[in-house]
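Each remark here refers to the structure printed beneath this line.
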Amino acid sequence: MALRNIVKIGDPLLRKKSRPVTDFNERITTLIDDMKETLVDANGLGLAAPQVGVLRRVVIVVNNDGEYLELVNPEITARSQETVGAYEGCLSVPDERGYLERPRKVIVKAQDRTGKSFTISLEEMAARAACHETDHLDGTLFVDLTKELYTEEELDRMLSEQDGENED
Ligand code: ZN
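In terms of my numbering, the sequence shown opens at residue 115 and continues consecutively.
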């Protein structure tokens, strides 16, 4: 296993559409292992293959139990109407956060590293991560979807001001 470099916003690779995985070979296994190691090292909640410069439909999503889910050719097949708003970030967009509504619950159909199909239901932060990471596979970044973008410093200041108000 090896750490891979995380591609940053401005790199045209992040704007390309990734191709489905058809051969479940050793290259895919290595890619998944490297992505997992890179994600653990970066302390993130999800990572998509284009973020390490590989235009293949592979993502890793951390679920609400802290487990690393490997999703090959993931497809979100259902989204709850109910949404949850939160400030979201991305390992490819350092130091920025955007406010975004995402479905509270999603159903994802995917394959594992051997090509076996499965369906999982994800909620809350894991549902958000699944939406965010599958967006990456089509060249979409959270900065395209949010109307409110802040630097981490601005957001910290805003949130601490809000906390102050709540105490009154
Ligand atoms: Zn991202």
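Ideal Cβ placement from N, Cα and C applies to all residues, glycine included.
Should residue 211 go down as buried or exposed, given a rule of 16 or more other Cβ atoms within 10 Å for buried? buried
Identify, in the order they occur along the chain, each residue of the same chain with its Cβ nearer than 6 Å to the Cβ of residue 191, setting aside the five sequence neighbours on each side. 221 and 223
Kindly provide the ranges of any beta strand (DSSP E) runs that are 3 or more residues long and lie completely inside the segment 148-213, ordered along the chain. The DSSP assignment places complete beta strand (DSSP E) segments of no fewer than 3 residues inside the segment 148-213 at 160-162, 172-176, 182-193 and 197-204, in order along the chain.
What runs of the beta strand (DSSP E), each 3 residues or longer, lie entirely inside the segment 228-278? Runs found: 231-237 and 262-265.
Assumed close pair residue 160, residue 168 - CB separation to whole angstroms, cut-off 8 Å: The Cβ separation is near 15 Å, so there is no contact.
For residue 186 versus residue 121, is the C-beta spacing smaller than 8 Å? No.
Is residue 205 near ligand 1, with its Cβ less than 7 Å from a heavy atom? yes
Could you please give the first and the last residue of the uninterrupted beta strand (DSSP E) stretch that includes residue 123? Note, residue 123: premise wrong, no beta strand (DSSP E); not H, not E.
Is there at least one non-hydrogen atom of ligand 1 closer than 7 Å to the beta-carbon of residue 276? no
Can you tell me the Cα-Cα spacing of residue 276 and residue 259, whole angstroms? 24 Å
Indicate the three-state DSSP secondary structure (helix, strand or coil) for residue 216 in the structure shown. strand
Give the secondary structure of residue 129 by DSSP, where H, G and I count as helix, E and B as strand, and everything else as coil. Judged by DSSP in its simplified three-state form, residue 129 adopts helix.
With respect to 7 Å, is the separation between the Cβ of residue 195 and the closest non-hydrogen atom of ligand 1 below this value? Remark: the shortest separation between the CB of residue 195 and any heavy atom of ligand 1 does not fall under 7 Å.
Can you list, in chain order, the residues of its chain whose CB lies under 6 Å from that of residue 205, leaving out five sequence neighbours each side? 120, 156 and 158
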